Amino acid sequence: MYNLISKAVFSHRLNKQEIVSLLSNDDCNEVLFKAADEIRKKFVGDEIHLRALIEFSNICQNNCCYCGLRRDNKNIIRYRLDEDSIFHLAEYAVTQLGLKTIVLQSGEDLWFSQERLCALIRRIKTLDTALTLSIGEKTHDDYLAYKNAGCDRFLLRIETTDKALYEKYDPDMSWNKRKQCLLDIKSVGLETGTGCLVGLPNQTIESLADDILFFKEIGADMVGIGPLIPHPDTPLAQAEGGTFTLACKVMALTRLILPDINIPATTAMETLEPNGQLKALQSGANVIMPNVTLSDVRQHYELYPGKSSTNLASCDALVSFKQKLISIGRTIGQDYGAHKKSAEI
Ligand code: SF4
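Now the structure itself:
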């Protein structure tokens, strides 16, 4: 195992069987996490990039079996923020909190047409900020329009590279279409974020290895990895769910294989494990996405139960949060935190 970690550290290449061996064996976890931390430091430095997350609509046309926002869930109160409210949250995050990236996230809410979204993008881009969208599957034309309106990045998790599993748990959706969306996002010049769930029922270690290789194959700029936390109002209510350790191992291996990309310490990790985000930041991650959505609506954006979120709705909260990050020897990113490709890979 030590030799495999060493190989990944020096070459940033592992084959599927080698990744499976590392994921299956827990003897060297701490060595793996430390190696990922060192590679993070070498390639992306000690800066942690803070991205302000605005969950602007929890309305979704899809029915993913693991997600509390699925259309068949009648137990949540649906909301959709209007353009002014979204803009004012973004303005607050940029001007009062000094954050350098706005992430607009929603379910697949068709009310937000290309025209409406582009108007919103153009308005937010008058602020001094990078802008990321995380709004699901769109057409090539949509992605191009977002890019032309000023959008910088787009997040779309592949969720799993196991096509049969994907289509079982994302009914009426097509894995091939999802992959095509990622290729379209990349082709229009948006920084491309993807990622996977860890802990879907019947998900194999082999398919998690495929996920990591897939991130490399498509040239991901950002990868978010989240353990599955079963939501009681979904068909996966009784599922076992994912573990923090396995999700962290997938994340650490992703850092070794794609050393210069941006990797968030996800909120699902914090939900599963006390100080899970800090541990993730010490195992390869370099991004945090604090939630600036106001708490009256944020409580309804429940992708999974008990969702933790870093609440930075006040300057005081931001200061104490930054101190926590500084206490583990890190600094706060002062630029837009784009993917800076390394010539060394
Ligand atoms: S995972 Fe995304 S697309 Fe699926 S139901 Fe939830 S919000 Fe909708």
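This note's numbering applies: residue 1357 is where the sequence shown begins, and numbers increase by one.
Where a beta carbon is used, it is the ideal one built from N, C-alpha and C, also for glycine.
Every value quoted in this text rests on a predicted model; they were computed, and no experiment measured them.
Nonlocal neighbours in the same chain, by C-beta distance under 7 Å from residue i, ignoring five residues either side
i	result
residue 1691	1456
residue 1558	1521
residue 1525	1420, 1421, 1422 and 1556
residue 1481	1487 and 1506
residue 1387	1358 and 1361
residue 1516	1522, 1552, 1553, 1556, 1559, 1563 and 1567
residue 1612	1364, 1365, 1368, 1391, 1392 and 1395
residue 1561	1376, 1379 and 1380
residue 1639	1389, 1392, 1393, 1604, 1607 and 1608
residue 1624	1582, 1583, 1585 and 1660
residue 1531	1519, 1522 and 1523
Close Cβ partners of residue i (< 6 Å) along its chain, the five nearest in sequence each way excluded
i	result
residue 1423	1659
residue 1518	1563
residue 1407	1457, 1459 and 1645
residue 1470	1498 and 1501
residue 1628	1583 and 1600
residue 1513	1550 and 1551
residue 1491	1462
residue 1399	1615, 1616 and 1698
residue 1503	1544, 1545 and 1546
residue 1586	1592, 1593, 1595 and 1597
residue 1437	1412
Cβ-heavy atom distance, residue i to the ligand SF4, below 8 Å
i	result
residue 1526	yes
residue 1492	yes
residue 1632	no
residue 1647	no
residue 1431	no
residue 1436	no
residue 1403	no
residue 1419	yes
residue 1464	yes
residue 1425	yes
residue 1537	no
residue 1659	yes
residue 1416	yes
residue 1422	yes
Residues of its chain near residue i, where Cβ-Cβ distance is below 8 Å and the 5 sequence neighbours each way are ignored
i	result
residue 1528	1418 and 1419
residue 1360	1370, 1374, 1377 and 1378
residue 1697	1616
residue 1443	1476, 1479 and 1480
residue 1402	1685, 1686 and 1687
Check: residue i C-beta below 8 Å from any heavy atom of the ligand GDP
i	result
residue 1507	Of the ligands one can find in the structure shown, namely the ligand SF4, none is the ligand GDP.
task = Evaluate the contact criterion for the region 1676 to 1688 versus the region 1613 to 1623: three or more CB pairs, one atom per stretch, below 8 Å.
result = no
task = Decide yes or no for the touch test of the region 1375 to 1382 against the region 1588 to 1598: beta carbon pairs closer than 8 Å, at least 3 of them.
result = no
ask   = Can you find at least 3 beta carbon pairs, one from the region 1623 to 1635 and one from the region 1421 to 1440, that sit closer than 8 Å?
value = no
inquiry  = Restricting to runs no shorter than 3 residues, where is the beta strand (DSSP E) found entirely within the region 1595 to 1655?
reply    = none
key: 3-residue-minimum beta strand (DSSP E) runs that sit fully inside the region 1489 to 1534, ordered along the chain   = 1509 to 1511
inquiry  = Which complete beta strand (DSSP E) runs does the region 1376 to 1463 hold, if anything under 3 residues is left out?
reply    = 1403 to 1413 and 1457 to 1462
request  = Could you pull out every unbroken alpha helix (DSSP H) segment of at least 4 residues lying fully inside the region 1554 to 1598, listed in chain order?
outcome  = 1561 to 1573
query = Is there contact between the region 1603 to 1612 and the region 1446 to 1462, where contact requires at least three CB pairs shorter than 8 Å?
reply = no
inquiry  = Pairs of beta-carbons, one from the region 1572 to 1587 and one from the region 1539 to 1553, closer than 8 Å: are there three or more?
reply    = yes
task = May I ask you to verify whether the region 1499 to 1516 touches the region 1469 to 1479, counting CB pairs closer than 8 Å and requiring at least 3?
result = yes
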